[in-house]
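In the numbering used here, the protein residues as written are -2 to 441.
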């Protein structure tokens, strides 16, 4: 459904097909920034006029977006998720999101960056500010520019603006995504974990509720006609609630007939390019609140993959600079659980952790090359489930203070749990799914 009000030259779009057609139309652009003529570099008005987010001209937008995509390429979602899962409980989620991004981008003073970004975000999307608030926001932008600019040329300043824009746009939206997920699952993560919960939240309670486009000239989009100057408001909440339920699509900009792509991140030429990074941060923050579940869920994911490994053809799989087999992946998973559990217990006892002497993934033993049978799967299940349970019991016996300000040298125990979970996913993922899961009746 699309409704128009000729008196204010605006339209409201609530149907998915219409919304997608509007977002895909390059002649419909974000509303321009009207208060930024000759704005000095380092001011809030300059930032709004320079970021790709508010750029309508196609050529300029493409150039600016390329800077943002290049910056995002430095942000590995797996590393972001682990950092978020190991972050300290109690901090403002907005501050946590920006601080982690700033650290991963190599910016000096990530805490100061987060403080400045939170100040800038109050007026970034065009909210009215008092003169005092505007002055404070300008000072915050100037401080961010000093930390992000790699030169003083026009291109350098434009690239720096995109990096600042990424931080500001991630600040509130990612934190709201987490907030809405907690509201949807107040008793903790449901089956399917953080990813499934966050995908459903995008459908039912998206963190971004509206997207705006303006028609610089008369344009026809499907069966819809928009006049020059008309504002098109896409009601994201109404659009999403009218689409079929499902997990996040493999291509966030395309989706499928059965599972249309969520529109909270936009679509078409102005789609937010940072969806993978935002998902990683949001999921990590949700997982942080229960580090024990991080480990046991990772063990469950390993075993779900291992249930397909009886179909292994005997050929090692090359990953990074190593090779893996089903037995080798199980060995490394168990070693990692044992190694860091020993570290945790030693530090709690006030002792120095014993150095390990694993040859780890650098060696592939004859046992690693053996066929992986249903009997091996049963043995792995018994071993890994018990190790995961030991981890869970130990972590749940610790207070937040012990998890975040852990004794001894090394990572906090919360971050250690996130590292273990991520490593288990890595080793199992090195082999990946190899067929259909083994039939439980075959093991009886």
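All C-beta atoms in this analysis are idealised placements derived from N, C-alpha and C, irrespective of residue type, glycine included.
Quick caveat: nothing in here was measured; it's all calculated off a predicted structure.
Proximal residues to residue i (C-beta, below 6 angstroms), its chain only, five neighbours per side dropped
i, result
"residue 126", "120"
"residue 206", "233, 234"
"residue 284", "82, 191, 291"
"residue 393", "289"
"residue 92", "111"
Opening and closing residue of the beta strand (DSSP E) in which residue i lies
i, result
"residue 7", "7 to 10"
"residue 304", "Unbroken run through residue 304: none, as it is neither H nor E."
"residue 316", "314 to 316"
"residue 319", "319 to 321"
The alpha helix (DSSP H) enclosing residue i, as first and last residue numbers
i, result
"residue 238", "233 to 238"
"residue 380", "371 to 393"
"residue 78", "74 to 82"
"residue 86", "It is not in any alpha helix (DSSP H) - residue 86 carries neither H nor E in the DSSP assignment."
"residue 268", "Note, residue 268: premise wrong, no alpha helix (DSSP H); not H, not E."
"residue 128", "128 to 145"
"residue 68", "55 to 69"
"residue 401", "397 to 401"
"residue 276", "272 to 285"
"residue 195", "190 to 201"
CA-to-CA distance, residue j to residue i, given in whole angstroms
i, j, result
"residue 254", "residue 197", "Its pLDDT being 47, under 50, residue 254 is placed unreliably in this model, and the coordinates cannot settle the point."
"residue 297", "residue 382", "8 angstroms"
"residue 290", "residue 187", "11 angstroms"
"residue 51", "residue 433", "48 angstroms"
"residue 164", "residue 114", "7 angstroms"
"residue 185", "residue 318", "38 angstroms"
"residue 99", "residue 268", "22 angstroms"
"residue 218", "residue 167", "30 angstroms"
"residue 328", "residue 102", "34 angstroms"
"residue 149", "residue 40", "15 angstroms"
"residue 94", "residue 79", "12 angstroms"
"residue 258", "residue 346", "50 angstroms"
"residue 377", "residue 333", "14 angstroms"
"residue 104", "residue 312", "44 angstroms"
"residue 30", "residue 53", "10 angstroms"
"residue 324", "residue 416", "21 angstroms"
"residue 310", "residue 418", "27 angstroms"
"residue 286", "residue 277", "15 angstroms"
Cβ-based burial, residue i [other Cβ within 10 Å; buried from 16]
i, result
"residue 275", "buried"
"residue 348", "exposed"
"residue 251", "Only weak support exists for where residue 251 lies, its pLDDT of 44 falling under 50; the value from the coordinates is given anyway. Residue 251 is exposed by the Cβ-count criterion."
"residue 152", "exposed"
"residue 379", "exposed"
"residue 360", "exposed"
"residue 340", "buried"
"residue 288", "buried"
"residue 122", "exposed"
"residue 354", "exposed"
"residue 17", "buried"
"residue 96", "buried"
"residue 156", "buried"
"residue 132", "exposed"
"residue 401", "buried"
"residue 22", "buried"
Helix, strand or coil at residue i [DSSP, three-state]
i, result
"residue 222", "strand"
"residue 105", "coil"
"residue 157", "helix"
"residue 425", "helix"
"residue 207", "strand"
"residue 434", "coil"
"residue 13", "helix"
"residue 48", "coil"
"residue 26", "strand"
"residue 338", "helix"
"residue 179", "helix"
"residue 230", "strand"
"residue 329", "helix"
"residue 443", "No information on residue 443 is available, as it lies outside the stretch -2 to 441 that the chain covers here."
"residue 40", "coil"
"residue 367", "coil"
"residue 360", "coil"
"residue 351", "coil"
"residue 166", "helix"
"residue 443", "No answer is possible for residue 443: it lies beyond the span of the chain, which begins at -2 and ends at 441."
Residues near residue i by beta carbon distance below 8 angstroms, same chain, minus five either side
i, result
"residue 314", "320, 321, 322, 427, 428, 429"
"residue 181", "194, 197, 198, 201, 202"
"residue 24", "212, 213, 214, 216"
"residue 117", "41, 44, 134, 137, 138, 141, 161, 165"
Cut-off 7 angstroms between Cβ atoms - residues of its own chain near residue i, not counting five sequence neighbours on either side
i, result
"residue 204", "170, 173, 174, 177, 261"
"residue 159", "48, 49, 61, 64, 65, 68"
"residue 405", "344"
"residue 444", "Only positions -2 to 441 of the chain appear in the structure, and residue 444 is not among them; the question remains open."
"residue 280", "78, 191, 192, 195"
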